[in-house]
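Chains as they are written, first to last, in my numbering: chain A, 58 to 194; chain B, 18 to 108.
To start, the structure itself, in structure tokens.
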Amino acid sequence: MNEERKRILEMLSEGKINTEEAEKLLTALSSQGSENIQESFKKEPRYLRIMIEPGQESASHDRVNVKIPIKLIRAGLKLASFIPKDAQVKVNEALHEKGIEKDFTKIKPEDIDEIITQLDDFTVNVEGKETVKVFCE
Amino acid sequence: MIPLILKLRIKKKNRRGINLWLPLFLIWLIIFPLVLLLTPVILLAALILWPTGKGRYILISYPMIFGLIWHMSGVKIDIQSNDNIIYLNLT
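Next comes the structure, spelled out in structure tokens:
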């Protein structure tokens, strides 16, 4: 019996909570536990996939299938974060000219792992003349 | 893992195109001794440029570039259009 469950039962026996409240707490605890189990079984993504396929209305038959290892993205981002500040400013200026408002000087090496972790849930699915899919697997 | 084989196919309409199967492991056999030989030179350059602040970047980026190459295995780019095919696979 884990600590939280034991504590809920103790509170019930002491009369601090009634049976209904105890049941609610135990249900919440078990659902939280199953989420944690699912989280721990979740596989770390290995590849970032970009797929573009022509739709039914599309005149062109262009197909794109790109597979990039996440480890390569991680290594690339780490390398990019060590680019000297003056060079990063030039990169930012070039991106600004292209209409991309991103400040790469703010990306620190310690942020990289956080970015990669968040990629796990990253999915883009656009359906129009072409079907565009960006996801991790 | 380090990429060992490169498959490259580029095809354009009405042209013969390129169909390449390149054993990268043979290239690495040549490059790695060169990298080892270059290491003292890089360290020296980093030491000389340390007061300017660039030495640190040289020292850090040198192994990072090899980290980047090391993780390139698994890259696959497959682009097909009506007239052109570009296929690159690193395994």
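The beta-carbon is built from N, C-alpha and C at its ideal position, and this holds for glycine as well.
Counting only Cβ-Cβ distances below 8 Å, residue 82 of chain B has contacts in chain A at 136, in chain order.
DSSP lists B:38 and B:106 as the bridge partner or partners of residue 24 of chain B. The beta-carbon of residue 85 of chain B is placed less than 9 Å from the nearest beta-carbon of chain A.
Taking 9 Å as the threshold, the shortest C-beta distance from residue 153 of chain A to chain B does not fall below it.
For residue 96 of chain B, the nearest beta carbon of chain A is closer than 9 Å to its own beta carbon. For residue 93 of chain B, the uninterrupted beta strand (DSSP E) segment begins and ends at 93-97. Contact annotation: residue 22 of chain B and residue 107 of chain B have beta-carbon atoms nearer than 9 Å. Residue 172 of chain A is classed as exposed because its beta carbon has fewer than 16 other beta carbons within 10 Å across all chains shown. At least one C-beta of chain A is nearer than 9 Å to the C-beta of residue 91 of chain B. Taking 9 Å as the cut-off, the beta carbon of residue 110 of chain A is found no closer than this to the beta carbon of residue 103 of chain A.
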